[in-house]
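Q: Here's a structure for you.
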């Protein structure tokens with residue numbers, strides 16, 4: 148729990164560093180830190196084993212019960228700093244903040260470090276660029292207990308504060324790996340993981356025709372462009388979610404959820 152007087156100047160070096168970490172992915176990479184805002188998100192991250200370096204709280208916004216819960220969970224793990232409301236509102240990156248913001252060390256997962264069961268369920272996203280889509284898919288992966296989310300050739304920082312926010316901290320509960328297309332395909336081949344490209348092509352077959360109880364990776368493209376031809380053609384099968392209306396596609400996070408929970412249904 149913070150014992151000192153609140154930080155009340157936006158020129159405080161710690162506050163200036165928070166703003167740099169919030170705004171620049173290069174700073175996050177260099178310092179190996181990211182920003183996580185929100186009591187609920189921080190609790191989820193801590194329960195998943197996230198390492199918290201520092202905690203900034205605004206006593207005017209955070210409740211006593213929230214602070215007590217964090218104190219019990221974190222113990223002496225992190226430095227605590229009290230921040231005035233005016234300063235906290237400068238570093239908070241969402242409206243209606245609950246007065247809790249943490250500096251967290253992102254886990255460093257690789258394909259080879261993943262510990263997988265015999266029949267893993269994996270979600271692969273190619274060139275993801277919208278933090279909101281990444282966050283929504285991570286929530287699906289957490290809810291379905293998928294074994295990992297793999298980002299192939301990412302266009303966004305996986306630990307962008309907005310991705311963490313939209314995932315409600317689930318980026319810490321699901322192993323998340325950034326890799327390249329060749330590395331992904333070679334790794335899947337070595338592991339005997341069958342890859343299913345979700346794409347609107349003449350060769351695509353309805354997802355309901357397939358058995359997803361074995362080692363499975365759903366491969367999803369971007370909202371604007373879908374999958375690149377190189378990755379789509381390299382996958383074992385091309386699948387589609389049949390559309391009965393006028394539109395021919397769904398939001399990538401919605402499509403991922405449909406496929407993922409079909410696999411979960413089959414495995415039950």
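Numbering (my numbering), first residue to last: 148 to 415. We put the CB at the ideal spot given by N, CA and C, even for glycine. Remember, predicted model here, so these are calculated numbers, not experimental data.
What's the gap between the Cα of residue 159 and the Cα of residue 234?
A: So the alpha carbons of these two residues sit roughly 10 Å apart.
Q: Given a cut-off of 7 Å, decide if residue 276 and residue 299 are closer than it, judged by their beta-carbon atoms.
A: Not in contact: residue 299 and residue 276 (Cβ atoms no closer than 7 Å).
Q: Is the separation between the beta-carbon of residue 378 and that of residue 346 shorter than 7 Å?
A: No.
Q: Indicate whether residue 246 and residue 208 have their beta-carbon atoms separated by less than 7 Å.
A: Cβ atoms of residue 246 and residue 208: closer than 7 Å.
Q: Please classify residue 390 as buried or exposed, where buried requires at least 16 neighbouring CB atoms within 10 angstroms.
A: Looking at its Cβ environment, which holds fewer than 16 other Cβ atoms inside 10 Å, residue 390 is exposed.
Q: Helix, strand or coil for residue 220, going by three-state DSSP, please let me know.
A: In this structure, residue 220 counts as helix in the three-state DSSP scheme.
Q: Excluding sequence positions up to five away, which residues of its chain have a Cβ less than 6 Å from the Cβ of residue 186?
A: Result list for residue 186: 213, 245, 247, in chain order.
Q: What are the boundary residues of the alpha helix (DSSP H) that residue 287 is part of?
A: Counting along the chain, the alpha helix (DSSP H) containing residue 287 begins and ends at 278-291.
Q: Thinking just about the alpha-carbon of each residue, which of 356, 369, 318 is nearest to the one in residue 255?
A: Looking at the Cα atoms, 318 is the closest of the given residues.
Q: What are the start and end residues of each continuous alpha helix (DSSP H) run of 4 or more residues lying completely inside the stretch 176-238, in chain order?
A: With a minimum length of 4 residues, the continuous alpha helix (DSSP H) runs that stay inside the stretch 176-238 are 186-194, 211-221, 232-238.
Q: Where does residue 352 fall in DSSP's three states?
A: In this structure, residue 352 counts as strand in the three-state DSSP scheme.
Q: So, do the stretch 291-311 and the stretch 264-273 have three or more beta carbon pairs nearer to each other than 8 Å?
A: Touching, per the Cβ criterion.
Q: For the stretch 341-394, list the alpha helix (DSSP H) runs that are entirely contained and at least 4 residues long, ordered along the chain.
A: Within the stretch 341-394, the complete alpha helix (DSSP H) runs of at least 4 residues are 376-381.
Q: Assuming residue 184 and residue 241 form a contact by the criterion Cβ under 8 Å, report the distance between their Cβ atoms to the nearest whole angstrom.
A: Right, their Cβ atoms sit about 6 Å apart.
Q: So what does residue 271 bridge to, in DSSP terms?
A: The partner list for residue 271 (beta bridge, DSSP) reads 297, 366.
Q: Is residue 251 buried or exposed, if buried means 16 or more other CB atoms sit within 10 Å of its CB?
A: Buried.
Q: Since residue 265 is in the beta strand (DSSP E), which residue starts that stretch and which ends it?
A: Looking at the DSSP string, residue 265 is not in any beta strand (DSSP E), and its letter there is neither H nor E.
Q: Return the chain-ordered list of same chain residues with a C-beta closer than 6 Å to the C-beta of residue 348, the five sequence neighbours on each side being excluded.
A: Cβ within range, chain order: 385.
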